[in-house]
């Protein structure tokens, strides 16, 4: 009997620790739910969205005009934000991209590719976006040296704790830059 109760408790504890609460933010209002799913148009705007509300009812939006104005999804411990497709054109097309680094400063990376087959082989084409969102809400393309020199590095060096602790170069390679931003976020509030 004791073994049965112990096994039952272990099963319950392990299932509750793997449960992740989904939610989305639309018009500064957070909606908690389960089984959240969405799809977008080629311009990045929501065209379909469905979820199970906390009372168990299924909610579906089937048309772009009916979908809520979602800025953030949180699905299975992943935070996905609506950001400009091109950092230099914030009022143009958008994409929903998961955060690579979360905090005061956020980074996003997204690679989309498609393989095209020809009679002589296959070619992969696509786009790679690596974007930073500064605390003022502005987005910059991290890969552009002008953005690094003019906006990003000067902002990072305004924080004395970061300036004293960070002795490396400012590289735009994704893993190294993300570590730099994580250090900044941990030192500078």
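Numbering (mature numbering (1 follows the signal peptide of the UniProt record, and there is no 0)), first residue to last: -20 to -1, 1 to 169. Ideal Cβ positions, reconstructed from N, Cα and C, are used throughout, including at glycine.
Residue i - DSSP class collapsed to helix/strand/coil
{"i": "residue 165", "result": "helix"}
{"i": "residue 32", "result": "strand"}
{"i": "residue 152", "result": "coil"}
{"i": "residue 1", "result": "coil"}
{"i": "residue 86", "result": "strand"}
{"i": "residue 122", "result": "coil"}
{"i": "residue 134", "result": "helix"}
Residue i - partner residues in DSSP beta bridges
{"i": "residue 37", "result": "BP columns for residue 37 are empty, so no partner."}
{"i": "residue 19", "result": "28"}
{"i": "residue 58", "result": "55"}
Proximal residues to residue i (C-beta, below 7 Å), its chain only, five neighbours per side dropped
{"i": "residue 23", "result": "73"}
{"i": "residue 26", "result": "18, 20, 44, 47 and 50"}
{"i": "residue 151", "result": "157"}
{"i": "residue 32", "result": "13, 14, 15 and 38"}
8 Å Cβ shell around residue i - same chain, five flanking residues per side excluded
{"i": "residue 167", "result": "139, 141, 142 and 145"}
{"i": "residue 70", "result": "64, 118 and 119"}
Residue i burial status per 10 Å Cβ neighbour count (16 or more: buried)
{"i": "residue -5", "result": "A caution first: residue -5 carries a pLDDT of 42, below 50, which makes its placement in the model too unreliable to give a value."}
{"i": "residue 35", "result": "exposed"}
{"i": "residue 160", "result": "buried"}
{"i": "residue 169", "result": "exposed"}
{"i": "residue 156", "result": "exposed"}
{"i": "residue -7", "result": "Confidence at residue -7 is low in this model, with a pLDDT of 47, below 50, so its placement is unreliable and the value that follows should be read with caution. The residue is exposed, with fewer than 16 neighbouring Cβ atoms inside 10 Å."}
{"i": "residue -15", "result": "Caution is warranted here: a pLDDT of 48 is assigned to residue -15, below 50, making its placement in the model unreliable, and the coordinate value is therefore given only provisionally. Label assigned to residue -15: exposed."}
{"i": "residue 87", "result": "buried"}
{"i": "residue 61", "result": "buried"}
{"i": "residue 153", "result": "exposed"}
{"i": "residue 149", "result": "exposed"}
Residue-level contact to chain B via CB, residue i, 8 Å cutoff
{"i": "residue 154", "result": "Judged by its chain identifiers, the structure shown contains no chain B, having just a single protein chain."}
Among the options, nearest to residue i - alpha-carbon criterion
{"i": "residue 56", "options": "28, 151 and 12", "result": "12"}
{"i": "residue 171", "options": "54, 76 and 2", "result": "In the structure as shown, the chain starts at -20 and stops at 169, and residue 171 therefore has no counterpart that could be examined."}
{"i": "residue 127", "options": "153, 83 and 68", "result": "68"}
{"i": "residue 134", "options": "164, 153, 58 and 66", "result": "164"}
{"i": "residue 54", "options": "90, 113, 4 and 132", "result": "4"}
{"i": "residue 77", "options": "52, 124, 114 and 147", "result": "52"}
{"i": "residue 109", "options": "59, 75 and 9", "result": "75"}
Contact set for residue i: own chain, Cβ-Cβ below 6 Å, skip 5 residues either direction
{"i": "residue 7", "result": "49"}
{"i": "residue 41", "result": "29 and 47"}
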